[in-house]
């Protein structure tokens, strides 16, 4: 349990440095699932709400990129 707590503290520091990194955030959720099941639900819900906000932007960028690729291939 001590190693898991240590890992969680390291992940929290990484999130402070790069809060928008989805890999770090998902790792936080995995480790937190081992430590505190109630808190992981809250953190995961917040993360999903944050990503929902960016979904439209990401989809639009993807569509635009595919459109540009098709134009280049003509």
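In this note's numbering, the protein residues as written are 178 to 251. Think of the CB as a built atom: it goes at the ideal place given N, C-alpha and C, for glycine as much as any other residue.
Practice problem: Assign residue 199 to one of three DSSP states: helix, strand, or coil. | Solution: helix
Quiz prompt | Proximal residues to residue 240 (C-beta, below 6 Å), its chain only, five neighbours per side dropped | solution = none
Quiz prompt | Proximity of residue 192 and residue 180 at Cβ, strictly below 8 Å | solution = no
Exercise. Specify, as a first and last residue, the run of the alpha helix (DSSP H) that residue 213 falls within.
Key: Looking at the DSSP string, residue 213 is not in any alpha helix (DSSP H), and its letter there is neither H nor E.
Self-check item: Separation of residue 246 from residue 218, as counted between CA atoms
Solution: 40 Å
Exercise. Give me the Cα-Cα distance between residue 187 and residue 207, rounded to the nearest whole angstrom.
Key: 13 Å
Quiz item: Can you tell me the Cα-Cα spacing of residue 213 and residue 249, whole angstroms?
Solution: 50 Å
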